[in-house]
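Residue numbering for the sequence shown is 1 to 210, as defined by full-length UniProt numbering.
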Amino acid sequence: MILVFLIALDIATVIYSVFFGYYPNITLFDATCYRILYIHVPLAWNMYIAFTLTFAFSLAYLLKENPKFDAVAFCSAVLGILYGVGAIISGMLWAKEVWGSYWSWDPRQTTTLTALLAYIGYLALRSSILEIERARRISSVFGVSAYITIPLSFVSAVVVQSLHTQLPQQPLGEEAHILLALRVIVSFATFLALLRMYYTSVMRKFEEKV
Numbered sequence: 001m002i003l004v005f006l007i008a009l010d011i012a013t014v015i016y017s018v019f020f021g022y023y024p025n026i027t028l029f030d031a032t033c034y035r036i037l038y039i040h041v042p043l044a045w046n047m048y049i050a051f052t053l054t055f056a057f058s059l060a061y062l063l064k065e066n067p068k069f070d071a072v073a074f075c076s077a078v079l080g081i082l083y084g085v086g087a088i089i090s091g092m093l094w095a096k097e098v099w100g101s102y103w104s105w106d107p108r109q110t111t112t113l114t115a116l117l118a119y120i121g122y123l124a125l126r127s128s129i130l131e132i133e134r135a136r137r138i139s140s141v142f143g144v145s146a147y148i149t150i151p152l153s154f155v156s157a158v159v160v161q162s163l164h165t166q167l168p169q170q171p172l173g174e175e176a177h178i179l180l181a182l183r184v185i186v187s188f189a190t191f192l193a194l195l196r197m198y199y200t201s202v203m204r205k206f207e208e209k210v
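Encoded structure:
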């Protein structure tokens with residue numbers, strides 16, 4: 001019930017933000033393209049958070065060997081990939097409007113794609129190992145190692161000359177920042193609810209096999 005409510009609220013805030021949200025008064029290009037940020041930013045943040053959870057719970061599994069930790073790491077990776085795909089697609093739509101090209105091999109674009117491919121590799125490696133304990137152990141090592149791609153993606157637009165827009169430079173205004181913060185919070189709450197539901201499903205299937 002909570003998940004249904006949060007999904008409905010998430011969709012409602014997306015619709016409101018896209019069609020009625022604030023955007024800056026600028027002349028370089030169509031200012032309404034800024035509204036894609038109400039979709040792109042929450043997706044990107046949820047991707048970063050999901051892969052951070054995969055890192056943390058993979059490390060916890062290696063230390064404690066608790067199957068529940070591994071399940072959280074796995075579920076977070078799956079959701080992180082879904083959010084990551086959404087972040088890249090929405091980012092490409094933004095890039096086409098602002099930079100004139102869907103893909104420019106911008107540092108942020110490139111490192112985000114690298115992170116996404118790394119965690120797709122995590123799932124592929126995991127599914128290729130038939131023995132469950134070995135799959136958990138090896139994929140946990142990979143989940144920890146792959147996390148280096150996340151801080152690289154996060155800081156790439158700061159430490160390297162980049163086309164990617166930085167928050168201090170975005171002339172969104174106070175109203176837009178408040179609405180964007182609301183979108184991030186609602187989207188994050190929805191992510192947590194989805195993670196909880198998926199984790200419960202994975203653990204139930206595991207217990208049925210035992």
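Beta carbons are placed, not taken as given, at the ideal position from N, Cα and C, and that holds for glycine.
{"Check": "Local conformation of G80 per DSSP, three classes", "Outcome": "helix"}
{"Check": "Secondary structure, alpha helix (DSSP H): runs of 4+ residues fully inside the UniProt domain \"Cytochrome c assembly protein\" (17–163)", "Outcome": "37–64, 67–99, 107–128, 132–145, 149–159"}
{"Check": "A135 versus I49 - alpha carbon distance", "Outcome": "23 angstroms"}
{"Check": "Rounded separation between W45 and C75 - CA only", "Outcome": "17 angstroms"}
{"Check": "Three-way DSSP call (helix, strand, coil) for M203 in this model", "Outcome": "helix"}
{"Check": "Residues of its chain near V184, where Cβ-Cβ distance is below 8 angstroms and the 5 sequence neighbours each way are ignored", "Outcome": "V41, P42, W45"}
{"Check": "Rounded Cβ spacing between L113 and I89 (contact assumed at less than 8 angstroms)", "Outcome": "Actually they do not touch by this definition, with Cβ atoms about 11 angstroms apart."}
{"Check": "Rounded C-alpha distance that separates T52 from E174", "Outcome": "29 angstroms"}
{"Check": "Option nearest I178 by Cα separation, candidates A12, G21, F154, S145", "Outcome": "G21"}
{"Check": "Same chain, Cβ closer than 7 angstroms to L195, five either side skipped, listed in chain order", "Outcome": "C75, S76, L79"}
{"Check": "Separation of Y83 from T13, as counted between CA atoms", "Outcome": "17 angstroms"}
{"Check": "CB contact flag (A124, S153, <7 angstroms)", "Outcome": "no"}
{"Check": "Simplified DSSP assignment, three categories, for M1", "Outcome": "coil"}
{"Check": "CB contact below 7 angstroms: A60 versus chain B", "Outcome": "You won't find chain B in this structure, because it holds only one protein chain."}
{"Check": "Nearest-angstrom Cα separation, counted from Y102 out to L93", "Outcome": "6 angstroms"}
{"Check": "Sequence-distant residues of its chain with Cβ nearer than 6 angstroms to F206 (five each side left out)", "Outcome": "none"}
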